[in-house]
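Numbering (the working numbering), first residue to last: 262 to 573.
Listed below in structure tokens is the structure:
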């Protein structure tokens, strides 16, 4: 035991045990999300919405990546737990342990739901210095972070080949032949272009002069109303776009109501929560009435809706 209390070995083993327990919980959560996402994809494929299934499969890939990351973190923790005495005797990180420790430090900066991993980073930062930790977190030139860990935690959208591979696997499992209304390689490009056009519209609107704003405020004719309806109130396109990127369906009707009563749901759009998104993107929920829903709520929600008879 050191003069200030617990030894490094003792502190690390304690937090390692807590981290492994946390991993078990997180793995169960992400396994469930994986299952729900896969079910969503299968339902969309069965209903013929293959373009939407291709978009939804991104969430499945992200959840599977996180599962893989937690397995790697658990292995790293157990590996270091067996070598805690070696770590205690060295003031500098042993060469053979640099990749494992660097990978844990890097993962801690990308896993906000994992306080024990943050504590492990603090322990190693205190032991081997801030520069060592920064090299891993910032991926400096000489970092030793495992390349697979970097790839799994990347914020970039999965490549089209990866998405198609996952989608084909699910389609084969349920006996569905894939077909797309447009070239799959163009789906994300078109979405990006649509977003860019919306950003340009918002920028032009914000940069207009006071006189122009005054003029716009007094234009209440049919053309101006139609433009706003197209942007906010076009029921079919709004719901279709929401379905493509929605992650959750949350029932907001009375708990005591039966399914013969009109139901109202909210489709949350997580991508609309970006702080840099245009103002109308920050309308992050689409309220829908009288939906025919094929779902198990609240957590097993399957995003398959009939979009007839809508009030938005």
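From the three backbone atoms N, C-alpha and C, an ideal C-beta is built for every residue, glycine too.
According to DSSP, is residue i helix, strand or coil?
i	result
residue 370	coil
residue 405	coil
residue 441	coil
residue 297	helix
residue 317	helix
residue 268	coil
residue 420	coil
residue 306	helix
residue 436	coil
residue 344	coil
residue 279	helix
residue 414	coil
residue 474	Summary for residue 474: the model assigns pLDDT 45, below 50, so the residue's position carries little reliability; its value from the coordinates is reported in the next sentence. If DSSP states are grouped into helix, strand and coil, residue 474 belongs with the helices.
Any heavy atom of the ligand GTP closer than 6 Å to the beta-carbon of residue i?
i	result
residue 424	Judged by which ligands are present, the structure shown has none, so any question about the ligand GTP falls away.
Under 8 Å by Cβ, that's how I've got residue i and residue j pegged, so tell me the actual separation to the nearest angstrom.
i	j	result
residue 430	residue 439	With a Cβ gap of about 11 Å, residue 430 and residue 439 do not count as contacting.
residue 368	residue 330	6 Å
residue 358	residue 344	7 Å
residue 415	residue 398	The Cβ separation is near 15 Å, so there is no contact.
residue 353	residue 418	Incorrect: roughly 39 Å between the Cβ atoms, too far for contact.
residue 374	residue 287	7 Å
residue 303	residue 384	Not really, about 43 Å apart at Cβ, beyond 8 Å.
residue 388	residue 269	6 Å
residue 299	residue 342	Their Cβ separation, rounded to whole angstroms, is 33 Å, which puts residue 299 and residue 342 out of contact at 8 Å.
Contact the segment 302-309 vs the segment 338-356: 3+ CB pairs below 8 Å = no
Okay, do the segment 425-437 and the segment 388-396 touch, 3+ Cβ pairs below 8 Å being the bar?
-> no
Where are the alpha helix (DSSP H) runs, 4 residues long or more, that stay fully inside the segment 348-402, in chain order?
-> 359-369, 376-389, 391-398
Count the CB pairs spanning the segment 367-380 and the segment 273-292 that are closer than 8 Å, and state whether there are at least three.
-> yes
On the three-pair Cβ rule with 8 Å, is the segment 350-367 touching the segment 399-409?
-> yes
Would you be able to state if there are at least three C-beta pairs under 8 Å between the segment 316-326 and the segment 269-281?
-> no
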